[in-house]
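In what follows, a structure is listed as structure tokens, so that the remarks can point back to it.
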Amino acid sequence: MMPAMIRAGLTTALLMFMAGASLALDAREGWQVLPTSKSFDQLVADTQEAVKAGKMGLVTQASASAGAAGQGITIPGNRVIGVYRNDFARRMLEASIAAGIEAPIRLYLTENADGTATLSYKTPTFVFAPYMNEGGDALKELAGELDAIFAAIAEASVK
Numbered sequence: 088m089m090p091a092m093i094r095a096g097l098t099t100a101l102l103m104f105m106a107g108a109s110l111a112l113d114a115r116e117g118w119q120v121l122p123t124s125k126s127f128d129q130l131v132a133d134t135q136e137a138v139k140a141g142k143m144g145l146v147t148q149a150s151a152s153a154g155a156a157g158q159g160i161t162i163p164g165n166r167v168i169g170v171y172r173n174d175f176a177r178r179m180l181e182a183s184i185a186a187g188i189e190a191p192i193r194l195y196l197t198e199n200a201d202g203t204a205t206l207s208y209k210t211p212t213f214v215f216a217p218y219m220n221e222g223g224d225a226l227k228e229l230a231g232e233l234d235a236i237f238a239a240i241a242e243a244s245v246k
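Adding 87 to a residue's 1-based position in the sequence shown gives its number in this note's numbering.
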């Protein structure tokens, strides 16, 4: 039986190795992946400001790294920011009740092994694709508007 302190140390080292091994996000269908030279904390602050400047609501935030830190574990920075606005929510629900599960649309901020950070998100058109038959032109138009808004928020966040 391994002493608790050694077991905890090995667990922490394993978590850090696993987090480091999967730091880089690759481009994938429907995603925008924007590496930056910014630190994680700076990207978080700039993204929060860009959401406000883009006249969208910062609806939710969740951070695995903050949660881990609360348990005394250090992992690379990781935050999910949910972004939406009530007028878009109403229009979305008029087009497709089922699409409501996708709101808010999320921005994903991750810290890279070299201390820089990446902003990633699924485009609204991709997020709402499963509901397009039901939502028709109204949902397609809404998703297109949101694509432009999210692209502008991302651009402002990473510049």
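Positions of the beta carbon are idealized from the N, C-alpha and C atoms, including for glycine.
How many angstroms separate the CA atom of residue i from the CA atom of residue j?
{"i": "Phe36", "j": "Pro163", "result": "Given a span of 88 to 246 for the chain in the structure shown, any question on residue 36 remains unanswerable."}
{"i": "Glu242", "j": "Ala137", "result": "9 Å"}
{"i": "Glu189", "j": "Lys246", "result": "27 Å"}
{"i": "Gly154", "j": "Thr161", "result": "9 Å"}
{"i": "Asn199", "j": "Thr205", "result": "7 Å"}
{"i": "Ala108", "j": "Lys139", "result": "Because the pLDDT of Ala108 is 44, which lies under 50, any placement of that residue in the model is unreliable, and the number read from its coordinates should be weighed accordingly. Whole-angstrom Cα-Cα distance: 33 Å."}
{"i": "Gly141", "j": "Thr134", "result": "10 Å"}
{"i": "Asp113", "j": "Asp174", "result": "33 Å"}
{"i": "Ala151", "j": "Ser207", "result": "16 Å"}
{"i": "Leu130", "j": "Ser244", "result": "7 Å"}
{"i": "Leu229", "j": "Gly159", "result": "43 Å"}
{"i": "Ala182", "j": "Asp201", "result": "44 Å"}
{"i": "Asn220", "j": "Asp234", "result": "19 Å"}
{"i": "Ala185", "j": "Lys227", "result": "14 Å"}
{"i": "Arg193", "j": "Ala239", "result": "14 Å"}
Write down the C-beta distance between residue i and residue j rounded to the nearest angstrom, noting that I regard them as a contact closer than 8 Å.
{"i": "Thr203", "j": "Gly231", "result": "Wrong, their Cβ atoms sit about 31 Å apart, outside the cutoff."}
{"i": "Thr147", "j": "Gly169", "result": "3 Å"}
{"i": "Arg178", "j": "Ala225", "result": "7 Å"}
{"i": "Thr210", "j": "Phe237", "result": "7 Å"}
{"i": "Phe215", "j": "Gly223", "result": "So it is not a contact: roughly 11 Å between Cβ atoms."}
{"i": "Val167", "j": "Ala149", "result": "5 Å"}
Between which two residues does the alpha helix (DSSP H) carrying residue i extend?
{"i": "Pro49", "result": "The question about residue 49 has no answer here: the residues shown for the chain are numbered 88 through 246."}
{"i": "Ala239", "result": "Met219 to Val245"}
Under 8 Å: does the beta carbon of residue i sit that close to some heavy atom of the ligand COA?
{"i": "Glu221", "result": "Ligands are entirely absent from the displayed structure, and the ligand COA is therefore not among its contents."}
*Sequence ranges, beta strand (DSSP E) only - wholly within the stretch 121–209, length at least 3*: 144–149, 165–171, 192–198 and 204–209
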